[in-house]
DNA sequence: GCGACAG
DNA sequence: ATCTTGTCGC
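Structure representation (structure tokens):
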């Protein structure tokens, strides 16, 4: 009755200054060291696909069995971008849709793997931190390209890594998930330390560069967007 | 002042 | 993110 869209009845930033203020206010709530489950049973992947035209989007969550990587449950949410794309404020764009999709799951995943950064962010509060704090669930960020920081290229072998540093701080790791392939950028989100975050990412990438969780979510949101293209909400 | 800049 | 063909490699 009251909610199909979880965040529509609360204040949502309308300006860059407001959004940055929200990040500064929530940042202290993120747990950046909690070890998190060493052997999570279920891991969720989240991703969003956008329509070629405007800001119409489809968010997807896929819950996988951490051991077999089999898909256990999925959920999608169709909506519109809640904020323009601004590097550093990316979360405000898709958070409402992602939370809505998460709310449609019947099970609660033990870890969220986000498509984007966590601590490796200008104000140290990227999407993974934000999603983790709002849900209270352990969360990590896996980005395909850097947002902040400097690093040395890791060795070519899968598993090799180097520190991602911003100024004097280590904000994440540049991790090779496949021999001779472009590395990914792993950073802490909430309730899980960097060592475990990287271990989880390696366990999720037995064959491809990106985590299986992310790959499944990517497939699903693109499919959902296509299904709605010529039907649903105008 | 001039770039860089998650998705 | 999305728009896009072929091409190199396992």
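Numbering (this note's numbering), first residue to last: 7 to 240.
Just so it is clear, CB atoms sit at the ideal spot from N, CA and C, and this is done for glycine as well.
Buried or exposed, going by whether 16 or more other CB atoms sit within 10 Å of the CB of residue 227? Indexing the first chain from 1 puts residue 227 at position 221. By the neighbour-count rule (16 or more Cβ atoms within 10 Å), residue 227 is buried.
Tell me which residues share the same chain as residue 203 and place their Cβ nearer than 7 angstroms to its Cβ, disregarding the 5 neighbours each side in the sequence. By 1-based counting over the first chain, the position of residue 203 is 197. 146, 192, 194, listed in sequence order.
Beta-bridge partners of residue 91, as assigned by DSSP: Within the first chain, numbered from 1, the residue matching residue 91 stands at position 85. Bridge partners of residue 91: none, in fact.
With distances taken from CA atoms, which of 182, 148, 199 is nearest residue 163? Within the first chain, numbered from 1, the residue matching residue 163 stands at position 157. Nearest option by C-alpha distance: 182.
Can you tell me which of the three DSSP states residue 79 falls into? On the first chain, position 73 is the one that residue 79 refers to. Reduced to three states, the DSSP call for residue 79 is strand.
Do the region 86-103 and the region 169-186 touch if we need at least three Cβ pairs shorter than 8 angstroms? no
Look up residue 166 in the DSSP assignment and say whether it is helix, strand or coil. Position 160 of the first chain, counted from the first residue, corresponds to residue 166. The answer is coil: DSSP assigns residue 166 none of H, G, I, E or B.
Should the region 62-82 be called in touch with the region 19-34, which here means at least 3 C-beta pairs below 8 angstroms? no
Local Cβ density within 10 Å of residue 201, reported as buried at 16 or more and exposed below that: On the first chain, residue 201 is found 195 positions in, with the first residue counted as 1. Per the 10 Å Cβ criterion, exposed.
Am I right that residue 94 and residue 129 are in contact with their C-beta atoms under 8 angstroms? What's the rounded C-beta distance? Translated into positions along the first chain, residue 94 becomes position 88. Translated into positions along the first chain, residue 129 becomes position 123. That belief holds up - the Cβ atoms of residue 94 and residue 129 are roughly 7 angstroms apart, short of 8 angstroms.
Put residue 65 into one of helix, strand or coil per three-state DSSP. One-based indexing of the first chain puts residue 65 at position 59. Note: residue 65 maps to strand in three-state DSSP.
If you draw a straight line from the C-alpha of residue 19 to the C-alpha of residue 98, how long is it? One-based indexing of the first chain puts residue 19 at position 13. One-based indexing of the first chain puts residue 98 at position 92. Using only the alpha carbons, I get a separation of about 8 angstroms.
Between which two residues does the beta strand (DSSP E) harbouring residue 98 extend? Position 92 of the first chain, counting from 1, holds the residue named residue 98. Counting along the chain, residue 98 falls outside any beta strand (DSSP E), though it belongs to the alpha helix (DSSP H) covering 97-109.
I need the DSSP call for residue 52, collapsed to helix, strand or coil. Numbered from its first residue, the first chain carries residue 52 at position 46. DSSP places residue 52 in strand when its eight states are reduced to three.
Could you round the C-beta distance between residue 46 and residue 23 to whole angstroms and report it? I think they count as a contact, below 8 angstroms. In the first chain, residue 46 corresponds to position 40, counting from 1. In the first chain, residue 23 corresponds to position 17, counting from 1. The pair is not a contact, with the Cβ atoms about 37 angstroms apart (cut-off 8 angstroms).
Quick one: residues in its chain with C-beta nearer than 6 angstroms to the C-beta of residue 81, no 5 flanking neighbours on either side, listed in chain order? Position 75 of the first chain holds residue 81. Cβ within range, chain order: 67, 107, 110, 111.
Return the first residue and the last residue of the alpha helix (DSSP H) that residue 200 is part of. Here residue 200 is taken as the residue at index 194 of the first chain, counted from 1. Here the alpha helix (DSSP H) through residue 200 covers 200-209.
Mapping DSSP to helix, strand and coil, what is residue 192? As a working mapping, residue 192 is identified with position 186 in the first chain. Note: residue 192 maps to strand in three-state DSSP.
Residue 144 to residue 120 span [Cα, whole Å]: Position 138 of the first chain holds residue 144. Position 114 of the first chain holds residue 120. Their Cα atoms are separated by approximately 11 angstroms.
Roughly how many whole angstroms lie between the Cα atoms of residue 134 and residue 125? Taking the first residue of the first chain as position 1, residue 134 is located at position 128. Taking the first residue of the first chain as position 1, residue 125 is located at position 119. Residue 134 and residue 125: Cα-Cα distance of roughly 8 angstroms.
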